[in-house]
Ligand code: NAD
Ligand code: DAU
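Numbering (the working numbering), first residue to last: 14 to 354.
What follows is the structure in structure tokens.
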């Protein structure tokens, strides 16, 4: 199998690329990545001596780059995206461009030849906020943030290529991932690294929003199985069934980092903040034979250990352009914050 992994220098893409090369001895992987603020070449540098690995710096919206990178590949796994909800609320333009138009460009390049599979990595956010029960793959989509709406557009476009042209497309919708190499703008790595620095942990609203936390390696294992076993035209939810409120996640982070609760601050909420996501994963369990293996207690410990052991990785991010992002996103809200759990 020869894979093109787009967005492979980001969080999930780099974990996926490493796992694919480690566990599939006859697979080759080419990564195409624009190296936006979230994509880091160093996330893959341990693979540079691997002859089955190649890195190409380029944009999925660039037709030539997409065609060139896809040469000889039978499978495309599209992780490339703008991914942070808060940034999409600030400016949605790059989200529409990469998460919708980028998917179109890749699909057009893909369908020039007969290939095995186009795997579009989507998200549980396309279902919108789920107050009760669990989302099934057949549920109506109701995205509520510009990020979620762009991801819904991308996966609908991908599925339309299956229906219209018979392009072999599979869509996966995963829940919130956490683990090594996650950019420290997202809840878990932000709070772990802030705790390590003795800085405030800014919880949005009342902190009772719930997410289903999936350890990144479990997600990547699910994707490897989907590539080998999925029929085209299928959609699979991927979740771990480990639902926690943001308060509970924060408490776990305080515990694994040995941090005082005084650092916890409640700040003004995210606009349109989805209250809860929850997935029914019966389909992937029954058809593909995958189940998450990592419990949240184990996963959060492994994650904290990784950030403790890789301080240089996140310190270099946090000392760069991230500082201005953090100031604009949090400074005023922290001034008006309330304290402790
Ligand atoms: P990330 O932000 O860490 O990485 C995104 C990667 O895409 C970066 O390497 C970036 O440089 C690259 N990229 C962005 N625009 C590009 C472009 N135009 N051309 C080429 N490369 C580009 O994201 P992540 O958290 O690893 O998410 C990966 C995928 O999984 C995304 O599609 C996301 O929507 C989806 N997803 C993420 C989660 C999660 O919890 N992180 C959950 C479900 C689904
Ligand atoms: O559900 C899958 C999605 O999970 C992915 O598709 C997205 O790419 C990914 O970013 C993630 O989206 P969320 O918005 O759920 O993740 P985030 O880490 O930004 O926030 C998780 C929860 O924590 C959410 O309820 C908002 C809250 N939060 C987040 C930050 C950054 C805080 O309370 N404080 C914060 O500073």
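Note that beta-carbon positions come from the ideal geometry of N, C-alpha and C, so glycine has one too.
- Judged by DSSP secondary structure, residue 76 falls within the alpha helix (DSSP H) whose first and last residues are 76 to 83.
- Exposed is the label assigned to residue 64, since fewer than 16 other Cβ atoms lie within 10 Å of its Cβ.
- Along the region 89 to 122, the beta strand (DSSP E) does not occur as any fully enclosed run of 3 or more residues.
- Its Cα nearest to that of residue 294, the residue 250 stands out among 108, 250 and 185.
- Its chain contains 140 and 292 as the residues whose beta carbon lies nearer than 6 Å to that of residue 148, once the 5 sequence neighbours on both sides are disregarded; these appear in chain order.
- Restricting attention to 339, 229 and 332, the CA atom closest to the CA of residue 311 is found in 229.
- Taking 7 Å as the cut-off, the C-beta of residue 114 does not count as close to any heavy atom of ligand 2.
- Shown here, residue 194 sits in coil according to DSSP, grouped into three states, outside any helix or strand.
- Here the distance from the Cβ of residue 144 to the nearest heavy atom of ligand 2 is not below 7 Å.
- Per DSSP, residue 294 lies in no beta strand (DSSP E) segment and is marked neither H nor E.
- Per DSSP, the continuous alpha helix (DSSP H) segment holding residue 200 begins and ends at 200 to 210.
- A distance criterion of 7 Å places the beta-carbon of residue 189 in contact range of ligand 1, judged by its closest non-hydrogen atom.
- Between residue 62 and the set 201, 34, 328 and 239, the nearest pair of CA atoms involves 34.
- Between the alpha carbons of residue 339 and residue 40 lies a gap of roughly 39 Å.
- The straight-line gap separating the alpha-carbon atoms of residue 344 and residue 161 is approximately 26 Å.
- Burial is judged here by how many other beta carbons sit within 10 angstroms of a residue's own beta carbon; residue 325 has fewer than 16 and is exposed.
- Following the DSSP letters along the chain, one finds residue 184 inside the beta strand (DSSP E) bounded by residues 182 to 187.
- In this structure, DSSP gives residue 250 an extended state, which the three-state scheme calls strand.
- Under a 10 Å Cβ-count criterion, residue 252 is classified as buried, with 16 or more other Cβ atoms of the shown protein chains found around its own Cβ.
- With at least 16 other beta carbons inside 10 angstroms of its own, residue 223 counts as buried.
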